[in-house]
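Scroll down for the structure; my scribbles are underneath it.
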Amino acid sequence: MIYSMFLWRNGFRRDDHVNYLLLLLAFGFHTTAMFLRGFRLDHCPVTNLYEATTLVMWTIVAIYLIVGLWSRLRFLGAFASPVLFAIGVFALMPNLDALHGKRPELPVAWTSVHAALMSLSYGAFGLGAVAAVMYLTQERNLKFHKLRAIFSLMPPIQRLEATAGRLLVGGFILLTFGLASGVVDLTHINNPNTYRGDPKIIWSVGVWLLYLGLIVMRWRFAQGGRRFAWSAIGSFVFVLLTFWGTNVLSPLHNP
Numbered sequence: 020m021i022y023s024m025f026l027w028r029n030g031f032r033r034d035d036h037v038n039y040l041l042l043l044l045a046f047g048f049h050t051t052a053m054f055l056r057g058f059r060l061d062h063c064p065v066t067n068l069y070e071a072t073t074l075v076m077w078t079i080v081a082i083y084l085i086v087g088l089w090s091r092l093r094f095l096g097a098f099a100s101p102v103l104f105a106i107g108v109f110a111l112m113p114n115l116d117a118l119h120g121k122r123p124e125l126p127v128a129w130t131s132v133h134a135a136l137m138s139l140s141y142g143a144f145g146l147g148a149v150a151a152v153m154y155l156t157q158e159r160n161l162k163f164h165k166l167r168a169i170f171s172l173m174p175p176i177q178r179l180e181a182t183a184g185r186l187l188v189g190g191f192i193l194l195t196f197g198l199a200s201g202v203v204d205l206t207h208i209n210n211p212n213t214y215r216g217d218p219k220i221i222w223s224v225g226v227w228l229l230y231l232g233l234i235v236m237r238w239r240f241a242q243g244g245r246r247f248a249w250s251a252i253g254s255f256v257f258v259l260l261t262f263w264g265t266n267v268l269s270p271l272h273n274p
């Protein structure tokens, strides 16, 4: 995050391979920690808010490391690092790491698939929001004829807008499959009516409808540019601010 601040200060006029390597190193430590915790608990670590938060962080970095292989999109890391740092500090709050153990009614394999797909979708939405922030930054520099827009190594705003749109579509597809795997999960519960009206389920469907509206707005009604960028950012901020509360209120996800 500190190195990203230097890139911001210099107007993104130098290659950020150092930032990429730092995130790659952090990803290695993060992955090792998740595997150690999973082996210790003998199941996929997705049973509380701490584990869900770290899994979302892991997927954001994983997607970035793939997208960052293209040098012109590597600056996504400089914009994502402060967000990841803030989420990581939040995840370290002691009350979030309350162990609940496995849910005996649900098959572990399907639960893991569901959690992985949902986390990947949130990661894609997060990077889409980061690309939207880059778009707004570059557009502002161009609007005020700043030299940093000319000498910056960031991609042109057209590519940034297209990248944000594709990330949102990819996240929406992953979210759709994640919700479908959740439905399969619920079929293994002896009394599925117990969880009818579960806050997390209602919230997840609401997020699906929100991003469906964004995608339809973008491709059906050609609503791009600043409006689309702000919508992508606002949608992910909504997800960040409400994810934790709905998880706590959900008897299915917080037994």
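Residues in the sequence shown are numbered consecutively from 20, following this note's numbering. Where is the CB? At the ideal position from N, CA and C, for every residue including glycine.
- With distances taken between CA atoms, L68 lies nearest to S138 out of S138, V188, F98, F257.
- The alpha-carbon separation between N114 and M53 amounts to approximately 19 Å.
- Fewer than three pairs of CB atoms, one per stretch, sit closer than 8 Å, so the stretch 58 to 65 makes no contact with the stretch 84 to 103.
- DSSP, reduced to helix, strand and coil, places G216 outside both helices and strands of the structure shown, so it counts as coil.
- Here the alpha carbons of V152 and R159 stand approximately 11 Å from one another.
- Restricting attention to G264, L95, L42, H36, the CA atom closest to the CA of L179 is found in L95.
- For T72, the CB contacts under 6 Å within the same chain, skipping 5 residues up- and downstream, are A110 in chain order.
- For W263, the three-state secondary structure derived from DSSP is helix.
- Closest by C-alpha distance to G190, out of I176, G57, L136, Y154, is L136.
- Assignment of F98 by DSSP, reduced to helix, strand and coil, places it in the helix class.
- Within the same chain, and ignoring the five residues on either side of L186 in sequence, the residues whose Cβ sits closer than 7 Å to its Cβ are A143, L146, G147, A150.
- For S23, the uninterrupted alpha helix (DSSP H) run begins and ends at 21 to 28, by DSSP.
- Distances from the CA of L43 to each of A248, F25, M76, L26 were compared; the closest alpha carbon is that of M76.
- From the listed residues A99, I79, H133, F48, the smallest Cα separation to A199 is found for H133.
- With a cutoff of 8 Å on beta-carbon distance, L194 and W227 are scored as near each other.
- S140 and G197 do touch by the CB rule: their CB atoms are close to 6 Å apart, below 8 Å.
- The DSSP-derived three-state label of G87 is coil.
- Residue range 36 to 60 is occupied by the alpha helix (DSSP H) that includes T51.
- T265 is classed as buried because its beta carbon has at least 16 other beta carbons within 10 Å across all chains shown.
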